[in-house]
Structures are given as structure tokens and as C-alpha cells.
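This report refers to the structure that appears directly beneath it.
In the working numbering, the protein residues as written are 8 to 134.
What follows is the structure in C-alpha cells.
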């Protein structure tokens with residue numbers, strides 16, 4: 008594969024060119040080669056952008072990604088395991104909170120109260 012322009016790389020990765028520049032500024036992508044003053048990217052940068060997208064989809068923050076992707080080409084496995092464990096705990100907590108929210112909303116739907124005050128009493132007794 009030939010070197011890609013920033014626009015071509017962004018298109019293939021499904022992101023905006025500004026995202027590529029942002030990731031470069033954070034150190035998530037190494038500085039690209041320049042040809043005629045223009046950025047040129049090899050196929051390894053597409054793989055790296057895809058990894059960033061996958062980790063973002065899994066809920067990792069930019070700060071976490073900076074720790075995770077500081078090594079090149081692969082993230083440090085210990086750092087990955089620690090961050091994944093922390094993210095799994097966060098997701099478990101989020102699932103618990105969402106379940107409580109779901110139960111409260113179901114109680115609101117069942118109560119049939121005419122006022123908020125009346126409903127609040129029933130929700131507290133019902134859940």
C-alpha cells in the first residue's frame with residue numbers, strides 16, 4: 008500500500024482529518040512523514056487509528072488511551088490488563104445504576120398516581 012494523504016487515511020478509518028491531527032497532538036499517532044510539505048501515512052497508521060476507534064468504543068478516555076498506546080507498535084499488556092479491569096468495574100457499576108433507573112421508571116409507569124408527591128411515596132415503597 009502506498010502512503011496515504013491525511014484525507015485518505017481519515018476516510019479509510021471513518022474519522023475526520025481533524026481527528027487524525029488531534030490524535031497526533033496527543034501523541035496517539037506518531038508524526039507522519041512529509042512529502043512536499045504534506046502529511047503522508049503508511050498502512051500502520053490505519054491500523055493504529057482502527058485500534059483507537061476500538062478502544063474508544065470500549066469506553067476508554069483519551070487520557071487512558073495515551074497510557075495504553077504510549078508503546079509502539081503494541082500497547083503494554085500489563086497496562087492494557089489494568090485498564091481493562093478498571094473499565095470492566097466501571098461498566099459493572101454503570102449497569103447497576105441503569106438497572107436501578109429502569110426499576111424506578113417501571114414503578115412510575117405502574118403507580119398511576121395523580122401527583123408527583125404521591126408517586127414519590129409509592130416509588131419508595133414499591134422498589
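From the three backbone atoms N, C-alpha and C, an ideal C-beta is built for every residue, glycine too.
- For the pair residue 67 and residue 94, the CB atoms are nearer than the 9 Å cut-off.
- Contact annotation: residue 36 and residue 55 have beta-carbon atoms nearer than 9 Å.
- Contact annotation: residue 38 and residue 27 have beta-carbon atoms that are not nearer than 9 Å.
- For residue 48, the pairing in a beta bridge is given by DSSP as 11.
- Taking all protein chains shown into account, residue 108 has fewer than 16 neighbouring C-beta atoms within 10 Å of its C-beta and is therefore exposed.
- Excluding residues up to 5 positions away in sequence, 24, 27 and 46 lie with their Cβ nearer than 6 Å to the Cβ of residue 13 in the same chain.
- Among the bridge pairs identified by DSSP, residue 123 is matched with none.
- DSSP, reduced to helix, strand and coil, places residue 55 within a helical segment of the structure shown.
- Taking C-beta separations shorter than 6 Å and ignoring five residues to either side along the sequence, the partners of residue 19 in its chain run 53, following chain order.
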